[in-house]
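Presented below is the structure to which this report refers.
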Amino acid sequence: MNIQTLKGFRDFLPAAARKRQYVINTLKSVFESYGFEPLETPTLEYEEILAGKYGQEGDKLMYKFKDLGERNVAMRYDQTVPLARVVAQYENELPMPFKRYQIQNVFRADNTQKGRFREFLQCDADIVGSSSPLSDAEVIAVAAKSLEKLGFEKFKILINDRAVFSNLLADKRQSITEKELPAVIRAIDKLKKIGKDKVMEEIIAGGIAPERAMFIYQTIEFQKPTKQIREILKLVQQYGIDALKVKFDPTLARGLDYYTGLIFEIEVEGYSVGSVAGGGRFDNLIGMFADKQIPAVGFAFGFDRLIEAMEELNLFPDLTKVSTTRVLVTIFSGELMDKSIELANYIRSNNLNCELYDNGDDKLEKQIKYADKKGIMYAAIIGPEEIEKDMVTIKNLRIRDQQTVKREDLLKVI
RNA sequence: GUGGAUGUAGUUCAACAGUAGAACGCCAGGUUGUGGACCUGGAGGUCGCGGGGGCAGCACCCGUCUUCCACCCCA
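In this text, residue positions in the first sequence follow our numbering: the first is -1, and each later residue adds one.
Structure follows, in structure tokens:
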């Protein structure tokens, strides 16, 4: 038997898991401060719910199988389609607008690569049922405030309006068809990565004549902000986001086909791998299960990139390197074990995380080594000397210092 | 799905076709009441897996899987 994790799946050992939870908790607190509420949906859905919602590629990458009841099921592929299902299924029970955040794993049977896994965490926040620009501004603000809360100082919010692209359709001179548009958008989306020339090549390769491709490209490049965008820009500032951080970028495209209005991406200065968040308005998507269209706007954090960027910029507080255990109570000997158990209970009853070493036969040296390795701040020792005086020795492993105190005074020390 | 690399001790890596090694980590002792240093000793390897040619394979050939990187696509 090979002991290993499945391709594209990961373990998170305590040090890494703590960091992830720190980020998750921070995001939750910001989301909730704006009135977003948690939503959880099942890992498995009926296949027909998910099938065909993500295009050809998506169908290929979806984990699908038959369960023991012979039902055709598929694993959560993103959080937007389940959201649409929930909105349709509980339409009358949910407050509208429905503001929810969702932080769950999604599964894609994609080939692995740097920063790409088969199970990964998505952090979405969306507002369903509002077409107000205030909602557009709010999701941008929530994303920006989240980053600030995590310690990011320098980042850039690029925003654009998909209308820029749909206007191309209306423009007779370019005679671009609805069918050609997604490919053009995908090509332009790569601008930063591959440069203008390659983008032109790709548009042309998609079957559009060179002059026409150039015309399309230039039309986009010199677009002015739409009225919607100007409105949103203004509101975002009122939400307390530094205007210098927000920039209109007509060449911002975002690959996903379903965006209808606002689109935005956030790039962190000093982290070049890519954007850490992205989102936009998708007024025609939620309605795929309901009997009517319901507008929506939202965004998602690329969780792994967020972690990576924080790592590179050193934004994790020391806390995340430290054990959640505050005190390790050592056991001096089997005979004195009772005293240690009692002490551990006492510390715990005072709301401090306290761990009792679980083998009284181990040497004190080994017990303290354990505490040190685990990053525990204090070690408590109760031996014959302490018992005689009815005291306890508390050792600070950080500053290599220790003192012997009365039990009542213990809490003042730690 | 396509292409390129990769796999040897817990970890990071060595080893000309001819007896598998180092560093760090781990364990024990030095130090039977005290962690990060030091000294001494020790344990630990189906050389990813399967096949092939060869007197002989960790090394060569084929297949397969893993991991990594890129493309496609995407977060």
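Glycine included, each C-beta is placed from N, C-alpha and C at the ideal position.
8 Å contact criterion, which residue i and residue j should meet: CB distance rounded
i                 : j              : result
alanine 251       : aspartate 122  : Going by Cβ atoms, the distance from alanine 251 to aspartate 122 rounds to 20 Å, so no, they are not a contact pair.
phenylalanine 246 : asparagine 158 : 7 Å
alanine 135       : isoleucine 264 : About 14 Å separates the two Cβ atoms, so there is no contact after all.
isoleucine 138    : leucine 119    : Incorrect: roughly 22 Å between the Cβ atoms, too far for contact.
arginine 160      : glycine 259    : 6 Å
lysine 393        : alanine 377    : 5 Å
valine 182        : isoleucine 192 : Incorrect: roughly 15 Å between the Cβ atoms, too far for contact.
isoleucine 345    : serine 338     : Isoleucine 345 to serine 338, Cβ: 11 Å. No contact.
isoleucine 380    : leucine 341    : 6 Å
lysine 243        : isoleucine 155 : 6 Å
phenylalanine 150 : leucine 313    : 7 Å
valine 295        : aspartate 124  : 7 Å
proline 248       : isoleucine 218 : 5 Å
Span separating the alpha-carbon of residue i from that of residue j
i                 : j                 : result
lysine 147        : arginine 106      : 30 Å
valine 320        : glycine 358       : 25 Å
isoleucine 230    : serine 130        : 10 Å
methionine 389    : serine 331        : 17 Å
lysine 387        : threonine 402     : 10 Å
glycine 300       : glutamate 46      : 27 Å
asparagine 23     : glycine 276       : 20 Å
aspartate 399     : methionine 375    : 11 Å
aspartate 195     : isoleucine 202    : 11 Å
glutamine 54      : proline 293       : 25 Å
valine 21         : aspartate 302     : 10 Å
tyrosine 215      : glutamate 310     : 35 Å
lysine 232        : phenylalanine 262 : 15 Å
threonine 110     : leucine 59        : 12 Å
tyrosine 237      : leucine 132       : 10 Å
leucine 304       : arginine 114      : 13 Å
leucine 145       : aspartate 76      : 22 Å
arginine 279      : aspartate 316     : 38 Å
arginine 83       : asparagine 165    : 31 Å
isoleucine 397    : aspartate 370     : 12 Å
aspartate 9       : alanine 211       : 46 Å
asparagine 343    : arginine 405      : 12 Å
leucine 48        : valine 71         : 9 Å
glutamate 267     : glutamate 38      : 32 Å
asparagine 90     : phenylalanine 34  : 18 Å
alanine 185       : glutamate 176     : 15 Å
alanine 86        : glutamine 226     : 28 Å
phenylalanine 287 : leucine 167       : 27 Å
For residue i, the three-state DSSP class (helix, strand or coil)
i                 : result
phenylalanine 246 : strand
aspartate 187     : helix
glutamate 209     : helix
asparagine 103    : strand
valine 266        : strand
threonine 217     : helix
lysine 410        : helix
phenylalanine 29  : helix
methionine 389    : strand
tyrosine 20       : helix
glycine 193       : helix
asparagine 465    : No statement about residue 465 is possible, as the shown extent of the chain runs from -1 to 412 and does not include it.
leucine 145       : helix
glutamine 291     : coil
glutamate 229     : helix
arginine 114      : strand
leucine 395       : coil
glutamate 178     : coil
glutamate 333     : coil
leucine 11        : coil
aspartate 255     : coil
glutamine 236     : helix
asparagine 158    : strand
phenylalanine 280 : coil
glycine 272       : coil
Buried or exposed by the 16-neighbour rule on C-beta atoms within 10 Å, applied to residue i
i                 : result
tyrosine 88       : exposed
serine 273        : buried
leucine 4         : exposed
tyrosine 44       : exposed
phenylalanine 96  : buried
glutamate 30      : exposed
leucine 78        : First, the residue type needs correcting, since residue 78 is threonine and not leucine in the sequence shown. Classification for threonine 78: buried.
proline 40        : exposed
arginine 74       : buried
phenylalanine 163 : buried
Heavy atom of the ligand ADP within 6 Å of residue i beta-carbon
i              : result
asparagine 158 : By its list of ligands, the structure shown contains no ligand whatsoever, and the ligand ADP lies outside what it can speak to.
Can you give, in chain order, each stretch of the alpha helix (DSSP H) that sits fully within the region 33 to 109 and has at least 4 residues?
-> 45 to 48, 53 to 59 and 78 to 87
Identify every run of the alpha helix (DSSP H) within the region 325 to 372, keeping only runs that are complete inside it and at least 4 residues long; order them along the chain.
-> 335 to 347 and 362 to 372
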